[in-house]
Amino acid sequence: MTRILGHNYIGGQRSAQGNIQLESLDATTGEPLPGLFSQATEVEVDAAAKAAAAAFPAYRSLPAWKRADFLETIADELDALGEDFIATVCRETALPNGRILGERGRTSMQMRLFAKVLLRGDFYGARIDRALPQRQPAARPDLRQYRIGIGPVAVFGASNFPLAFSTAGGDTASALAAGCPVVFKAHSGHMATAEWVADAILRAAERTSMPAGVFNMVYGGGVGEWLVKHPAIQAVGFTGSLKGGNALCRMAAERPQPIPVFAEMSSINPVIVLPEALRVRGEAIARELSASVTLGCGQFCTNPGLILGLRSPAFSAFVEQLKAQMADQPAQTMLNVGTLASYRQGLEHLHAHPGIQHLAGASQGMQQASPQLFTADVSLLLEGDELLQEEVFGPATLLIEIEDQAQLADAIKALRGQLTATLLGEPSELLAYGWLSDLLQEKVGRLLLNGYPTGVEVCDAMVHGGPYPATSDARGTSVGTLAIDRFLRPVCFQNYPDDLLPPALQNANPLGLLRLIDGEYSREAVAV
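Heads up: the sequence shown at position 356 corresponds to 356 in full-length UniProt numbering, and the numbers run straight through without jumps.
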């Protein structure tokens with residue numbers, strides 16, 4: 001059993017130099033939990049970043065199988081954590097036992113998936129263009145390219161996923177897979193959970209003989225700025241609010257050496273319900289949508305926050321059915337008092353808007369979040385009303401009735417960037433609405449057909465990203481194996497002798513990689 005000491009983790013050692021002590025709270029009662037956590041000082045943040053930088057040359061130079069073994073061992077350590085760990089996470093987040101068990105499984109599986117990425121070797125992106133000394137009018141030199149880790153990465157824990165998007169979550173897993181040491185900034189909502197997981201990572205590091213400083217962790221609300229501005233940090237991973245993500249992006253851009261920030265921030269995840277689907281199964285859609293909106297108290301970045309439908313008797317009936325379903329949904333406890341306060345504020349803004357009407361939902365209590373349903377005229381969306389584009393983080397959604405297909409196209413064009421968009425339709429009508437997919441591709445990272453967006457599979461094909469403000473960089477994903485690309489950069493070798501090349505680029509192909517050789521993919525050795 002882990003003994004909660006509340007210390008920062010720097011270079012494989014615990015550190016508690018600061019005078020500011022932080023408390024973790026029971027998310028249900030608001031009462032302080034046992035133990036205090038030492039807010040990192042600027043000196044400690046500096047030491048953590050320097051420890052990561054010192055570990056980087058040795059860590060990135062390890063064979064991929066060694067890093068894979070490290071990730072597999074982290075997964076083993078996470079799976080071995082017992083009931084006292086699960087109880088700690090539940091108390092800090094008010095999330096149920098089953099949800100935490102599932103999220104722990106997802107987190108360890110994610111580590112194992114990145115271990116597989118390392119073993120298959122495609123992350124190297126190896127390319128070879130052999131010399132053409134006889135080419136006219138100019139000879140071509142021998143050119144070989146592969147990818148290496150970008151350097152130490154600062155990772156900020158998310159509030160709503162204490163495991164899968166936090167200490168050992170996707171940003172940490174993909175950074176470590178890329179060969180980048182991590183400095184993790186623990187989220188204030190689950191600091192004890194973070195300590196349990198950090199201990200597991202450090203046990204794995206010790207078991208696999210990783211360099212000290214491969215993983216570091218700091219506590220404190222004000223330490224993020226020191227971390228992002230530190231010259232040793234070369235990239236940032238973040239999941240959180242639009243305000244927080246924008247602030248990190250500004251800090252990173254204003255550094256003497258700007259660095260990339262991969263921030264997943266804000267999305268309202270539109271759901272488009274097509275007419276025939278509503279006629280055939282409108283009541284089922286209302287039931288399923290209300291379940292998706294309220295799942296986990298709506299505390300998912302993929303929560304469906306906007307529903308669009310074409311005017312018809314079926315849509316009118318669907319609105320009534322959805323009102324009844326949402327009214328029947330119980331209030332739930334949110335992750336922490338700050339999340340509840342933010343939800344209450346978002347609802348106040350919707351209630352105060354003269355163009356938005358409240359359709360369903362009990363009065364908001366002081367301790368729990370009640371599901372809410374609103375509606376607005378489409379003109380607000382078409383005219384760029386800011387409130388319709390803002391995510392309300394919690395179990396709330398907004399309906400808009402659309403006149404016709406032309407207006408639906410205009411409404412989609414008016415949307416900002418999103419993580420997801422969902423189409424609910426029958427096979428008989430999908431071809432007629434095929435243009436929707438083309439239009440939505442310009443707005444979102446993932447398109448769903450006859451499903452609901454709250455589930456995010458961890459696999460090779462997943463994209464959990466999208467144009468701003470869904471993320472700060474639409475070219476990447478924070479879930480799935482392509483997440484490793486964010487923390488890699490290409491390096492080219494020109495006219496290097498074979499024995500000085502990294503194994504991924506050597507003639508004999510000792511790693512057995514699929515490489516692009518003179519424009520053709522091959523696992524064969526390079527003929528000399």
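Even glycine gets a Cβ: it sits at the ideal position worked out from N, Cα and C.
Buried versus exposed call for residue i [16 or more other C-beta atoms within 10 Å across all chains shown]
i, result
"Ile160", "Contrary to the premise, residue 160 reads as Asn rather than Ile in this sequence. When all chains shown are included, Asn160 counts as buried."
"Asp460", "exposed"
"Ala525", "exposed"
"Glu103", "buried"
"Leu278", "buried"
"Leu436", "buried"
"Ser363", "exposed"
"Asn19", "exposed"
"Ser428", "exposed"
"Tyr521", "exposed"
"Gln441", "exposed"
"Arg336", "Before going further, note that residue 336 is Asn rather than Arg in the sequence given. Asn336 should be labelled buried."
"Gly309", "buried"
"Ser166", "buried"
Residue i versus residue j - alpha carbon distance
i, j, result
"Asn303", "Ser342", "16 Å"
"Leu419", "Ile150", "25 Å"
"Phe493", "Asp485", "20 Å"
"Glu390", "Asp473", "19 Å"
"Leu505", "Val458", "30 Å"
"Pro503", "Leu511", "7 Å"
"residue 560", "Leu423", "For the chain, the structure presents residues 1 to 528; residue 560 sits outside this window and is missing."
"Ala414", "Pro260", "28 Å"
"Gly98", "Pro181", "32 Å"
"Tyr452", "Ser292", "7 Å"
"Phe37", "Ala48", "17 Å"
"Arg91", "Gly125", "44 Å"
"Gln368", "Leu516", "56 Å"
"Thr481", "Gly220", "30 Å"
"Pro490", "Ala483", "16 Å"
"Ala352", "Gln407", "26 Å"
"Ala204", "Pro32", "30 Å"
"Leu132", "Leu513", "23 Å"
"Leu398", "Ala421", "15 Å"
"Phe123", "Ile10", "29 Å"
"Trp226", "Val218", "11 Å"
"Pro330", "Ala115", "41 Å"
Residue interval of the beta strand (DSSP E) (run including residue i)
i, result
"Val182", "182-185"
"Phe123", "No beta strand (DSSP E) contains Phe123, which DSSP labels as neither H nor E."
"Met217", "215-218"
"His358", "356-360"
"Ile10", "8-10"
"Gly149", "143-149"
"Arg130", "First-last for Arg130: undefined, no H or E at that position."
Boundaries of the alpha helix (DSSP H) in which residue i is found, first to last residue
i, result
"Gln110", "97-120"
"Pro313", "313-327"
"residue 533", "In this structure the chain extends from 1 to 528, so residue 533 is not present and cannot be described."
"Glu83", "83-93"
"Gly466", "Unbroken run through Gly466: none, as it is neither H nor E."
"Tyr343", "337-352"
"Cys249", "242-253"
"Leu415", "Where Leu415 is concerned, there is no enclosing alpha helix (DSSP H), given that its DSSP letter is neither H nor E."
"Tyr521", "Here Tyr521 belongs to no alpha helix (DSSP H); instead the beta strand (DSSP E) covers 520-522."
"Thr172", "170-178"
Nearest residue (CA-CA) to residue i, options the options
i, options, result
"Ser24", "Pro133, Glu195, Cys180", "Glu195"
"Phe262", "Tyr468, Thr107, Leu310", "Tyr468"
"Glu77", "His351, Lys50, Leu408, Arg112", "Arg112"
"Phe393", "Gly445, Gly98, Glu442, Gly240", "Gly240"
"Ala327", "Asp84, Leu289, Ser312, Ser61", "Leu289"
"Leu359", "Gly455, Ala324, Val273, Asn450", "Ala324"
"Pro256", "Pro231, Phe184, Gly6", "Pro231"
"Pro152", "Gly384, Ile20, Asp46", "Asp46"
"Ala64", "Ala27, Ala177, Leu439, Gln110", "Ala177"
"Glu283", "Ile412, Ala317, Ala409, Asn450", "Ala317"
"Arg14", "Pro313, Lys50, Asp199", "Asp199"
"Val236", "Gly298, Val183, Ala139", "Val183"
"Met366", "Phe374, Ala396, Gln332", "Gln332"
"Pro319", "Gly169, Gln357, Asn336, Ala508", "First, the amino acid is wrong: residue 319 is Val here, not Pro. It is Gln357 whose Cα lies nearest to the Cα of Val319."
"residue 529", "Gly222, Ala527, Ala432, Ala168", "The shown model of the chain, from 1 to 528, leaves out residue 529, and the question about it has no answer."
"Pro162", "Ala154, Arg135, Gly179, Phe85", "Phe85"
"Leu347", "Arg523, Ser370, Thr454", "Ser370"
"Ala508", "Ala527, Ala139, Gly425", "Ala527"
(message) For the segment 118-133 against the segment 64-75, do three or more pairs of beta-carbon atoms, one drawn from each stretch, fall closer than 8 Å, so that the two count as touching?
(response) yes
(message) Between the segment 373-385 and the segment 398-418, can you find at least three pairs of beta-carbon atoms closer than 8 Å?
(response) yes
(message) Can you confirm whether the segment 126-144 touches the segment 249-257 when touching is taken to mean that 3 or more C-beta pairs between the two stretches lie within less than 8 Å?
(response) With fewer than three CB-CB distances shorter than 8 Å, the segment 249-257 does not count as touching the segment 126-144.
(message) Below 8 Å, how does it come out for the segment 43-57 and the segment 211-224: are there three or more Cβ pairs, yes or no?
(response) In short, these stretches touch, since the Cβ pair count reaches three.
(request) Indicate whether the contact test is met: 3 or more Cβ pairs, each with one atom in the segment 329-341 and one in the segment 267-278, closer than 8 Å. (result) no
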